[in-house]
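Residue numbers (my numbering), protein chains in the order written: chain A, 58 to 358; chain B, 555 to 830; chain C, 4 to 255.
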Amino acid sequence: MSTLITWLRDPNPASRLQSKLGQSYLSWLRLRRNPLAMIGLTISLALVLMALFAPLLAPHDPIAQELSRRLLPPGTAGNWLGTDDFGRDILSRIIFGSRITLYIVLLVILTAPVVGLIIGTIAGYFGGWTDEILMRITDIFLAFPKLILALALVAVLGPGMENAVLAIALTSWPPYARVARAETLTVRNSDYIAAVKLQGAGAARVIWGHVMPMCLPSVIIRVTLDMAGVILTAAGLGFLGLGVQPPLPEWGLMISAGRKFLFEQWWVATMPGLAIFIVSLGFNLLGDGLRDVLDPRSTSK
Amino acid sequence: MTLLSVKNLRVTFDTEAGLVEAVRGVSFSLGRERLGIVGESGSGKTMTGRSVLRLIRPPGKITADQMEFDGIDLMRASEKQMRALRGPRIAMVMQDPKYSLNPVMKVGAQLMEGLRQRDRVSKAEARSKAIAALEAVQIRDPERVLEAYPHELSGGMGQRVMIAMMLIPNPDLLIADEPTSALDVTVQAEVLSILDNLVKTRGMGLIFISHDLRLVARFCDRVLVMYKGRVVEELAAKDLLHAKHPYTQGLLNCLPRIGGSRDPLPSLDRNAAWAN
Amino acid sequence: MALIEIDNLSVTFTAQGRQVRAVQNVSLNVNAQESFGLVGESGSGKSTILRAICGLAPISGGSIRINGKAIATPRGKAFSRQVQMVFQDPYASLHPRHTIDRTLSEPLAIHGLPGTDQRITKALTDVGLPTNFRFRYPHQLSGGQRQRVAIARALMLEPEILLLDEPTSALDASVQAETLNLLSRLRAERGLTFLMVSHDLAVIDHMCDRILVMQHGRAVEELSRDALAHAEMKTDYARSLFAASADRMLEG
């Protein structure tokens, strides 16, 4: 183990891989010093593990109904978080619901920031008409409240998880474009960009190889902070019945279904609500910690 | 009469890559005279200056066997006591007025701020003191400068405003950290002569931190040469050409001169033993 | 015929509706294998001239010719094999997320030149850096080392002309000496032509054969190195610049 650490800390790396891994190791050490960030990381990892091993972790089938065991309170033997109005085990539904949450989050992360990054860097780098047109398109999408656009899409395409994801992604990319554009505007006047242009590099090479790597930290931080928002929006759509459809155990849908029993059998809505809260908090803490690690410390002499 | 006495000052930073020692056992004393601290980047000269004012934040740590200013123990003083010292008794002028003057406040407001808040002086009196301070740094149209924003002033003017601001409360000790490095060469001479005049007439102690050995030698009474956190030589400014330590000699000789030869400049052969 | 011919060059920037005339009607010629210095204080326009040559500043008047031919707009790949630049701030001229290896191999990749490995090792050795620095990142190097990498990068395409924008202003005195020595050696070995900008008259005197003094965007006086050494300036500004610089020298 210590030979690995020595290898990572080698001041004269012998290959690009060793160099990159060495820097990542140092960033990891920096992150580790931040207790809140570690809490965030733990929660995020727990979510991923829960989603991966759901069938092994859940004590019951999340969809199986057992009407004789309706609305049992938390602490009941066999149903640690209680049951809902169809007798389904809430704990199992939350565990399986993490898969849906993670699926939605991943789909959005893989689309919205990527589109935003591309549009933002192109707009920022070229300026002029390209910038104007792309930014006005961005403004149009920014102007749509997420739920209204989701309603519109659902009206056209019908409700369902994929359409919910599409709606969320379509309204999430503009902030990334703005962030990427702002970074690009700062970066494009740097000497290192001037140097590579002077070597004869074309716009594509400059944007892809030189500008985008500088925008990545801001975008990554934004992604972790946005994840909480994505989960909440998906939950909101589920709550409105526009996203994931029953009997799937999506957390927002569970809150909606539990609305009727909020005063007597509070656990039906509150447990999934707590799950959303904890996961959102986890991503926020992680995002904050990442900001301290990824922020330009390269300006230090 | 010793104004400032520092013994065995150490400044360390606890980073994730390990312990970094910026200052490693620096000792000096200062009366009402001018002391120059010279070194290259990484020598610890700026950290030494900031330590006197206890302006180093965690993860940096200051330790010293003794750090005393006019009888006050700077190591044991509370933050409140330090705040009372910073400004009225010990002032600091930094390199670039672009970064040390508040860009969204008018110059006059910044000059009068300390007077009005700390000394509770009336607005009219604060204004006249501010004008007097600007005249002391040879600014010919102080009323215009009072109404200007920092970005509307040239570098030399901004630095003079900075000096004026620091000298309003009449401190006993001024720490100047590269005060002329960001200025054009013709302006540097002007600002230095103003500083020279003020320090002489007010009888202040001055710590002049710079990377420019020749400049410091012309301006100060004594010079401390620092290398990698330690003092390698301490000498009177007039004895500079007879410096004994090879690092000091190297620093003196490696600069090009107008009319000098075209041969390769003598470069410093760094010896690891100097760091001890 | 001079290698670089700048004729009545003017550079005007438009910012927020206002026009800033950074360079006004400056002419100069640089002969092949000569070292020419541009000296002046901040705002004199000296760096702007270099940027105008590279296409980084808009030319509003006059012309620039290299080897008798007008330079192409946009500059193009042929230009980059003739002219390269070393920038002032070693902390800003290397991409912070690229290893030295990537920085040095990029010009080769852009022009499709073979033999990357040997060229990189040779480039590092030529500028006096150990070859095991190859995969370091810029923040793992000192200022002087970064500037050496910047010089190595500029020489990867084997240009004839090297533009130097205050290459040692941001460096410590002892590191400056080493860097200037390196530049002189490389120039002698490769027969390069230098157009160097500095605010430091002593540096320009050490490195350059002929000097142009600039102020507020205009050319004030052109001097030979001998004239500078003997303080034979004709204009008041050049004299005051000399006095302020020489004043900082200790007697002896």
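By construction, the Cβ of each residue, glycine as well, lies at the ideal position given by its N, Cα and C atoms. Everything numeric in this text was worked out from a predicted model, so none of it was measured.
Taking all protein chains in view, the Cβ of Glu633 of chain B is surrounded by fewer than 16 other Cβ atoms within 10 Å, so the residue is classified as exposed.
Non-local C-beta neighbours of Ser583 of chain B in its own chain, meaning closer than 6 Å and more than five positions away in sequence, comprise Thr556 and Ser559, ordered along the chain.
Spanning the alpha carbons of Lys561 of chain B and Ala247 of chain C requires a straight line of approximately 38 Å.
When DSSP states are grouped into helix, strand and coil, Glu679 of chain B belongs to the helix group. The beta carbon of Arg150 of chain A is closer than 6 Å to those of Pro119 and Pro306 in its chain, skipping five residues each way along the sequence. Leu204 of chain C and Val42 of chain C do touch by the CB rule: their CB atoms are close to 6 Å apart, below 8 Å.
Residue contact with chain A for Glu109 of chain C: present (Cβ-Cβ distance below 8 Å to some residue of chain A). About 7 Å separates the CB atoms of Leu138 of chain A and Trp324 of chain A; that is less than 8 Å, so the two are in contact.
Not one beta carbon of chain C lies nearer than 8 Å to the beta carbon of Asp349 of chain A. In its chain, beyond the 5 residues on either side, Pro216 and Gly217 have a beta carbon closer than 7 Å to the beta carbon of Gln302 of chain A. Residue nearest to Gly668 of chain B within the set B:Ala684, B:Ser654 and B:Arg564 is B:Ala684 (criterion: CA-CA distance). Counting only Cβ-Cβ distances below 9 Å, Arg139 of chain C has contacts in chain A at Pro68, Asn69, Pro70 and Ser76, in chain order. Of the candidates B:Ala618, B:Thr600, B:Pro657 and B:Met621, the residue whose Cα lies closest to the Cα of Val647 of chain B is B:Thr600. At a cut-off of 8 Å between beta-carbon atoms, Leu255 of chain A makes contact with chain C. Around Ala108 of chain A, the same chain offers Ser155, Arg156 and Leu159 as residues with beta carbons nearer than 6 Å, after the five sequence neighbours per side are excluded. Not a single CB atom of chain B sits nearer than 8 Å to the CB of Asp168 of chain C. Excluding residues up to 5 positions away in sequence, nothing lies with its Cβ nearer than 7 Å to the Cβ of Ile197 of chain A in the same chain. Counting only Cβ-Cβ distances below 8 Å, His202 of chain C has no contacts in chain A at all, with the closest Cβ about 18 Å away. Between the alpha carbons of Tyr653 of chain B and Val715 of chain B lies a gap of roughly 13 Å. Residues of chain C with a Cβ closer than 8 Å to the Cβ of Ser59 of chain A do not exist; the shortest Cβ-Cβ separation is about 22 Å. Neighbourhood of Gly804 of chain B in chain C, by CB distance below 8 Å: Ser177, in chain order. Neighbours of Ala571 of chain B in chain A, taken as residues at a C-beta separation under 7 Å, are given in chain order as Leu83. In this structure, the straight-line span from the alpha carbon of Val661 of chain B to that of Ala790 of chain B is close to 38 Å. At the C-beta level, Val29 of chain C and Ile103 of chain C stay beyond 8 Å of one another. At a Cβ-Cβ threshold of 8 Å, Leu158 of chain C and Ala126 of chain C count as neighbours.
Counting along the chain, Phe39 of chain C sits inside the beta strand (DSSP E) bounded by residues Ser38 to Gly43. Looking at the DSSP output, Thr569 of chain B shares a beta bridge with B:Gly572. Note: Thr238 of chain C is not bridge-paired with any residue in the DSSP secondary-structure output. The beta strand (DSSP E) runs of length 3 or more contained entirely in the region 732-796 of chain B are, from start to end of the chain, 759-764, 776-781 and 784-790.
The Cβ atoms of Glu44 of chain C and Thr740 of chain B sit closer than 8 Å to each other. Counting every other CB atom within 10 Å of its CB across the protein chains shown gives Met659 of chain B a total below 16, marking it as exposed.
Judged by pairs of C-beta atoms under 8 Å, the region 717-729 of chain B touches the region 750-764 of chain B, as three or more such pairs exist. For Ala260 of chain A, the closest Cβ of chain C is not nearer than 8 Å. A residue is called buried once 16 or more other Cβ atoms fall within 10 Å of its Cβ, and Asp229 of chain C, having fewer, is exposed. Taking C-beta separations shorter than 6 Å and ignoring five residues to either side along the sequence, the partners of Val580 of chain B in its chain run Leu563, Thr602 and Val785, following chain order. Each residue's CA atom was taken as its position, placing Val699 of chain B and Thr187 of chain A some 43 Å apart.
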